[in-house]
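Structure first, then comments.
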Amino acid sequence: MRTGNRWKTRLGDIALIGAILLAAGTMAAVAESASLPVSVRLEEEQPLPPGAELEVELLDVSRADASSIRITSGRVAVSTFPVSLRLSYDPAAIDPRMTYVVAAVLRTGGRVSHRTMTAWPVLTRGAPERADIVLEQVAEAPPADAARISGVPWAVTEIGGRALVADDPPTIAFLEDGTFSMFGGCNRFRGRAALSAGRIAFVQPIAGTKMMCLSERMKLEQDMLEALDRTASYKRSGARLSFTNAAGVVTVRFVERPEG
């Protein structure tokens with residue numbers, strides 16, 4: 000009888016320990032989740048049609064030789080802006096060495112009407128733990144002449160979401176056949192890009208001189224080359240030009256540079 004009671008006690012202890020471990024596991028699972036506060040507004044306020052849907056993504060954009068990686072995303076029906084939400088993610092998926100951005104698109108009437116056109120860094124490398132992002136209107140298919148980017152010298156104003164203030168910024172100029180010449184910040188390059196209906200792909204490798212300059216100029220040049228490698232599309236708005244990656248995040252912004 001005593002032996003039986005002793006086994007019952009042990010089984011009871013084991014069950015209690017199991018319950019404690021299960022509760023601890025549940026608490027750990029809860030502790031592993033996190034949420035990123037995101038505020039979204041339109042660059043220009045306007046009424047929304049019924050059925051508008053906002054999609055927000057947290058992306059890993061660290062890899063220069065690959066498309067961005069989606070960490071998490073969320074969708075919500077919207078009727079007005081601004082919108083505040085919390086984007087859930089797994090902290091274990093965040094590497095402090097990597098770079099993360101928030102991107103978003105607004106769909107109305109079955110098409111993308113607005114999207115983020117610049118990078119909004121978050122979480123790592125000194126970036127904030129919240130995102131206050133702006134959606135810009137996606138232009139309707141422009142006339143052919145308006146979309147042309149050839150025959151114009153373009154000077155860089157922003158790379159990877161960082162504004163560039165320089166007396167001698169990187170520049171690029173295209174010919175009608177897609178060949179281009181570029182000043183990267185130190186060296187000069189020549190290459191070819193495949194252009195079609197707002198899409199652009201830079202053919203690798205890009206040939207260039209091999210001069211050595213100050214470290215900050217070399218870093219600027221490397222950032223420029225990496226940005227071109229990530230670029231998948233372009234958008235021209237008058238005297239302004241932006242390159243974007245496959246996720247629609249801006250890689251480089253340019254302004255038309257007067258000749259002479």
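Residue 20 in numbering that gives the first Met the number 0 is what sits at position 21 of the sequence shown, and the numbering runs on without skipping anything.
Each residue gets a CB set at the ideal place from its N, CA and C atoms; glycine is no exception.
Nearest-angstrom Cβ-Cβ length linking I132 and T107, presumed shorter than 8 Å: Wrong, their Cβ atoms sit about 18 Å apart, outside the cutoff.
Nearest-angstrom Cα separation, counted from A76 out to I158: 32 Å
Span of the beta strand (DSSP E), counted from its first residue to its last, around D131: A130 to Q136
Test item: CB-CB of P81 and V39 under 8 Å: In contact: P81 and V39 (Cβ atoms closer than 8 Å).
Closest residue to D59 among E135, A92 and A130 (Cα-Cα distance): A92
Sequence-distant residues of its chain with Cβ nearer than 6 Å to G200 (five each side left out): What sits at residue 200 in the sequence shown is Ala, not Gly. Same-chain partners within the cutoff: A193.
Among V100, A154 and F173, the one whose alpha carbon lies nearest that of R239: A154
Whether E42 touches R74 by CB criterion (8 Å): no
Residue nearest to P127 in terms of C-alpha spacing, selected from A246, P36 and C185: P36
Backbone CA spacing between I205 and T98 [nearest angstrom]: 25 Å
D222: first and last residue of the uninterrupted alpha helix (DSSP H) it sits in: S214 to R229
Anticipated Cβ contact below 8 Å, R161 with C185, distance rounded: Rounded, the Cβ-Cβ distance is 18 Å, inconsistent with contact.
Backbone CA spacing between V248 and V100 [nearest angstrom]: The alpha-carbon of V248 is positioned some 9 Å away from that of V100.
Where the beta strand (DSSP E) through D167 begins and ends: Neither: D167 is in no beta strand (DSSP E) and is coded neither H nor E.
Nearest-angstrom Cβ-Cβ length linking A226 and T243, presumed shorter than 8 Å: About 10 Å separates the two Cβ atoms, so there is no contact after all.
Alpha-carbon to alpha-carbon, E56 and S87: 10 Å
First and last residue of the uninterrupted beta strand (DSSP E) at P90: First-last for P90: undefined, no H or E at that position.
Backbone secondary structure at F253 - three-state DSSP: Three-state DSSP puts F253 in a strand.
G177 and R187 closer than 8 Å at C-beta: no
8 Å CB neighbourhood of R85 in its chain, flanking five on each side removed: Contacts found: S34, L35, P36 and V37.
Simplified DSSP assignment, three categories, for F80: coil
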